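Going left to right, the sequence shown walks through residues 61 to 257 as this note's numbering numbers them.
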Amino acid sequence: MRGFSLLEAIVTLVVVSLIVTVLMQALAQSLDMRERLVRHQRQARTAALQEQWFRDTVASSLSDLPDALGHLRGDTHRLEVLTPVPLLGEGMARVRWEVVKTDDGLALGYSGPGWSGLVVQGPLQDARFAYMDRQGGWQDTWAPEVPEDADPGAVPMLPKMVRFQATTTRGELVWLVPVRSDPYVPRRLRADGYDAI
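Below is the structure:
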């Protein structure tokens, strides 16, 4: 019976070690790809959750009398809304979304009952809010005031839509949120509304 020669054993070991090396590199690449995919999936899920938080609070904005809980007010860097769905807590609450400066640049912050903090960490660039009026034009500020001699029900207190946009490290971020509520102060809240009940 004939055994392996030394040369055959060395060639076999070299071939096996090459196969093992190729397999280890393939395993390392697949683990790296899996880690990148999981990180991307986590970022996408976080971005979707951040946008949904913003959408829920802004889309459900309500209007109240100015001397009560007030109505939506905002400029390019701050948005205050009266909403029945704050991020934490229950019931009506005034919440604030604002562009804040951090060490890394700009970020989107939230302040409301139960929690305040940064929602979109950033760094953001050119972050700003805008407000669509009833004619479809975009405004940099929203602070409707009812003249003393005007009917309080004649002035829309809520915009048709709110836009938040910014540039992130991953591209352009644009959130367009239609405001679903009646833009006028509810008739029952107005002094002239009680005679119609």
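Positions of the beta carbon are idealized from the N, C-alpha and C atoms, including for glycine. Since this is a predicted model, take the numbers as computed values, not measurements.
If you measure between the beta carbons of D186 and T227, is that distance less than 8 Å? Taking 8 Å as the Cβ cut-off, D186 and T227 qualify as a contacting pair.
Between the stretch 111-121 and the stretch 88-99, are three or more C-beta pairs nearer than 8 Å? Contact between the stretch 111-121 and the stretch 88-99 is absent: fewer than three C-beta pairs spanning the two stretches fall below 8 Å.
Is the CB-CB distance between V216 and R194 below 8 Å? In the sequence under discussion, the amino acid at residue 216 is Pro, which differs from the Val named in the question. Cβ distance < 8 Å, so P216 and R194 count as in contact.
How would you label T162, buried or exposed, when you count the other beta carbons within 10 angstroms and need 16 or more for buried? Classification for T162: exposed.
If the criterion is Cβ atoms closer than 8 Å, does the pair E140 and G149 meet it? Contact: no.
Are the Cβ atoms of S123 and L218 separated by less than 8 Å? The Cβ-Cβ distance between S123 and L218 falls below 8 Å.
Sort L233, V245, S241 and Y191 by Cα distance to M221 and report the nearest one. Checked all of L233, V245, S241 and Y191; the closest Cα to M221 is Y191.
Do the CB positions of L142 and R154 come within less than 8 Å of each other? Judged by beta-carbon spacing, R154 lies within the 8 Å limit of L142, meaning their Cβ atoms are closer than that value.
Please work out which residues of its chain come closer than 8 Å, Cβ to Cβ, to W198, disregarding the five sequence neighbours upstream and downstream, and give them in chain order. Within the same chain, Cβ atoms closer than 8 Å to the Cβ of W198 are found at A190, Y191, M192 and R223, the five residues on either side in sequence being excluded.
Please report how far the alpha carbon of L83 lies from the alpha carbon of E68, in whole angstroms. Rounded to the nearest whole angstrom, the C-alpha separation of L83 and E68 is 23 Å.
Are the Cβ atoms of V245 and V118 separated by less than 8 Å? No.
Terminal residues of the beta strand (DSSP E) in which L142 lies: First-last of the beta strand (DSSP E) with L142: R138 to T143.
Start and end residues, alpha helix (DSSP H) containing T106: Residue range L66 to A119 is occupied by the alpha helix (DSSP H) that includes T106.
Does the separation of the CB atoms of R188 and V159 fall below 8 Å? At the C-beta level, R188 and V159 come within 8 Å of one another.
How should V180 be labelled, buried or exposed, when 16 other C-beta atoms within 10 angstroms of its C-beta is the threshold for buried? So V180 ends up on the buried side.
Compare the Cα-Cα distances from V145 to each of T136, V74, P243 and R156 and report the closest residue. Residue R156 is the option with its Cα nearest to V145.
Using DSSP with H/G/I as helix, E/B as strand and the rest coil, what is R240? R240 sits in coil when the DSSP states are folded into three classes, being neither helix nor strand.
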